[in-house]
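2 protein chains.
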Amino acid sequence: MNKHHYVAIMAGGIGSRFWPMSRTNYPKQFLDILNTGKTLIQWTFDRFAEFIPKENIFVVTSEEYIDIVAEQLPALPTDNILGEPSRKNTAPCIAYISFKLMQKDPQASLIVAPSDHLILDTTAFRKVCLEALSFVNKHNALVTLGIQPTHPNTGYGYIQYEQHAVTDNVFKVKTFTEKPNLELARTFLASGDFLWNAGIFVWQVKNVLAAFEQYLPEMFEVFASEKEKFNTPEEKATLEQVYPQCTNISIDFGIMEKANNVYVIPSSFGWSDLGTWNSAYDNFEKDYLGNAVAGENVMVIDATKCMVHVPDDKLVLLQGLDDFIVVDTKDVLMICQKGREQEIKDYVSEVKRKKGEKYL
Amino acid sequence: MNKHHYVAIMAGGIGSRFWPMSRTNYPKQFLDILNTGKTLIQWTFDRFAEFIPKENIFVVTSEEYIDIVAEQLPALPTDNILGEPSRKNTAPCIAYISFKLMQKDPQASLIVAPSDHLILDTTAFRKVCLEALSFVNKHNALVTLGIQPTHPNTGYGYIQYEQHAVTDNVFKVKTFTEKPNLELARTFLASGDFLWNAGIFVWQVKNVLAAFEQYLPEMFEVFASEKEKFNTPEEKATLEQVYPQCTNISIDFGIMEKANNVYVIPSSFGWSDLGTWNSAYDNFEKDYLGNAVAGENVMVIDATKCMVHVPDDKLVLLQGLDDFIVVDTKDVLMICQKGREQEIKDYVSEVKRKKGEKYL
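Taken in sequence, the protein lines are chains A and B.
First residue of the first sequence: 84, per the numbering used here; consecutive thereafter.
First residue of the second sequence: 84, per the numbering used here; consecutive thereafter.
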């Protein structure tokens, strides 16, 4: 393993689209949504630990989740769990880990990855990551992994790329697009030069810092003026002073859509962002009636195509439901049509408005 | 109040059609199914306590429910809570209370009533009961209260009666019928000479004992040979010896359908046997979408005509359900179409077969 290769696993999300399973105090990345025996962040860590030294794997999360990360990833050095003082989207998070690594290892190359995605083909994933590392080690390039789309998904952003390869399997990115409507998604798919944006990035730390300096200069300055404090006992206090000065902005919007050294590697490693109950349903083993059932005491009478997630010790009897999501937890029960799951975030807002934080 | 007037409230049922709310160790009669502030047996007791001396009110129940009855009815003398050693349907239960009362008060008149029915018009109910008591005190008559049907219900037995009144509002019964199909129920309703069988009986104790002697002579003999033991310290031991010798048979089938001194008083006092979730639904206040909701934290998005019964502290979010029953308890969740509720008893059998007694 190359000792200059690093990973930053971003684990600060609250997974509100997976409510009521995903809760503010214990969100999706720490759950075993698919009933696989390991939580999503555990799978993510294990995937990287195969080719990145454990001491080079960092988890950036909210301060309130530090204990959960430590508990779920006992093999991770506790110093590598970084707590953000507030939720500020991906750009400040990546600035933080980048300045920290730059102080520590100016030759560092970094993979940035979400903690809560599903990747089925670990071997293909490792191969693509190593390809990307190899490329960025030779070029001033910001690389993103683009997923070969399998269907016209309207929940993902798309990346359009130039058809002429720069080297081997690496292509220059033309544009990043927002989530398309179904018609546009079909056009993207048919055109053959669009990929799903998986939010997995690879670059040399010095190059992404140069991009910050150019495209997010204020954020760069705030961190740069305090950079000597990173990896010292003053890091936490520094961060608490730096973070409030950062804009809430994503790395995609702040840098990737603007920089002209952005490249993509078209990839296929059985990826899903597991962003919604429907994507969980798609990745679940189904019974012969098409039901995806997590829960050891679920009796399905004549329900079909349902996504059911309930505690193992709860007896659940389902009759007559077609195409529903049924999620039961200790204090919340949600029953909603699968086709209406995009409304779950509205339900969560409504719950917050009516009942406060209690059920979030 | 007449000191020879007695009531026997039958409270030994397990209410399996109200599963999973109604549980073997805490059945329907002890629950506030309709969210009224009192349990069904509390309403039943209070109804009678208005015109029957409290010391003359008896509750006949399973031994396992004696403590629950005592807790729910603190005004009832504890000696008046009678435990049956086993479930033997209504005939042995009525034989027991009748022999016991006969020893105590040979002039006793008795109202026998279920503990778990709904009666909305208490005044009308009291009036009919007093009418019936007045009639049976003058005649050797077995009186049943017949409910003027309001719709062709297929869940009730019907009583056909002679159109010529014996006295005032008392009519001779022609036949008892089993639960009809819908077509037959409609014919019954149209004919005008059928009433619902509410299972509420009124008679002098000596006369019902005479009927036992004639129509259930073996059961009569088993009790008669031990009658001196009732109201003594030996009562419990005697009962444990007597009950196993009794046939499991209802008073309707064993006596009412055979005797020729059976009379009915057509009544209207807002009665429902609350036998099923649908009957609970019918008697519930509905929201503007026709949902009957028990539970203080239920958010209905666009569900309609649902019967929802969940714990007050559980947040429940319902979207897209039409005409469903949703019942949630600590350890069981049942979702089933309202039109399929007759299958609930099959589900309960299935649960018993697959999971044992745990969830019953």
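Just so you know, even glycine gets a beta-carbon here, dropped at the ideal spot from N, CA and C.
Here the structure is a predicted model, which means the values were calculated and not measured.
In the same chain as THR144/A, and ignoring 5 residues on each side of it, the C-beta atoms closer than 6 Å to its own belong to ALA94, GLY95, VAL152, in chain order.
Taking the CA atoms as reference points, ILE338/B sits about 28 Å from LYS137/B. Across the structure, PHE407/B and ASN374/A are spaced so that their CA atoms are roughly 19 Å apart.
The three-state secondary structure of GLN402/B, taken from DSSP, is coil. Close to GLY98/B, with beta-carbon spacing below 9 Å, lies no residue of chain A; the smallest spacing is near 17 Å.
If you look at PRO197/B, you'll find it isn't in any alpha helix (DSSP H); it sits in the beta strand (DSSP E) that goes 192–197. Taking C-alpha positions only, TYR326/B is separated from PRO168/B by approximately 7 Å. Taking 9 Å as the threshold, the shortest C-beta distance from GLU440/B to chain A does not fall below it. Among the CB atoms of chain A, none fall inside 9 Å of the CB of LYS312/B. Straight across, the Cα-Cα distance linking GLN125/A with GLN155/A is about 7 Å. Around the beta-carbon of GLU214/A, 16 or more other beta-carbon atoms lie within 10 Å, marking it buried. Taking the CA atoms as reference points, LYS369/B sits about 27 Å from TYR430/B. Residues of the stretch 119–148 of chain B whose Cβ lies closer than 7 Å to any Cβ of chain A: none.
Bridge partners of ASN280/B according to DSSP: GLY229/B. Counting every other CB atom within 10 Å of its CB across the protein chains shown gives ASP251/B a total below 16, marking it as exposed. Residues of the stretch 400–428 of chain B with a Cβ closer than 8 Å to any Cβ of chain A, in chain order: LEU400, LEU401, GLN402, GLY403, LEU404, PHE407, VAL409, ASP411, ASP414, VAL415, LEU416, MET417, ILE418, CYS419, GLN420, ARG423, GLU426. Only buried fits GLN287/B, as 16 or more other CB atoms lie within 10 angstroms of its CB. Boundaries of the beta strand (DSSP E) around LEU165/A: 164–167. The contact set of VAL434/A on chain B, defined by CB atoms closer than 8 Å, consists of MET382, LEU398, LEU400 in chain order.
When Cβ-Cβ separations below 9 Å define contact, PRO103/A makes contact with chain B. Separation of HIS234/B and PHE271/B (C-alpha to C-alpha, rounded to the nearest whole angstrom) is 10 Å.
Taking the Cβ atoms as the reference, GLY98/A lies roughly 17 Å from ILE202/A, outside the contact range of under 8 Å. For the pair LEU216/A and HIS88/A, the CB atoms are nearer than the 9 Å cut-off. In the three-state reduction of the DSSP assignment, LEU372/B falls in the coil class, being assigned neither a helical nor a strand state. The C-alpha of TYR442/A lies about 8 Å from the C-alpha of PRO103/A.
At a C-beta separation below 8 Å, VAL152/B has no neighbours in chain A, since its nearest C-beta there lies roughly 28 Å away. Secondary structure note for ALA91/B: its beta strand (DSSP E) is the uninterrupted segment 88–94. Membership of SER432/A in the alpha helix (DSSP H) is indicated by the continuous run 427–438.
According to the DSSP assignment, LYS312/B belongs to no alpha helix (DSSP H), since it is labelled neither H nor E. Three or more Cβ pairs closer than 8 Å define a contact, and the stretch 108–126 of chain B falls short of that threshold against the stretch 224–231 of chain B. Residue state for GLU245/A is assigned as strand, using DSSP reduced to three classes.
A direct Cα-Cα distance of roughly 27 Å separates TYR148/B from TYR364/B.
Per DSSP, GLN125/B lies in no beta strand (DSSP E) segment; the continuous alpha helix (DSSP H) that holds it begins and ends at 123–132.
Within the same chain, and ignoring the five residues on either side of TYR239/B in sequence, the residues whose Cβ sits closer than 6 Å to its Cβ are TRP279.
The beta carbon of TYR430/A sits closer than 9 Å to some beta carbon of chain B. If the five residues before and after PHE313/A are omitted, its C-beta is found closer than 6 Å to the C-beta atoms of PHE182, LYS183, GLN186, all from its own chain and listed in chain order.
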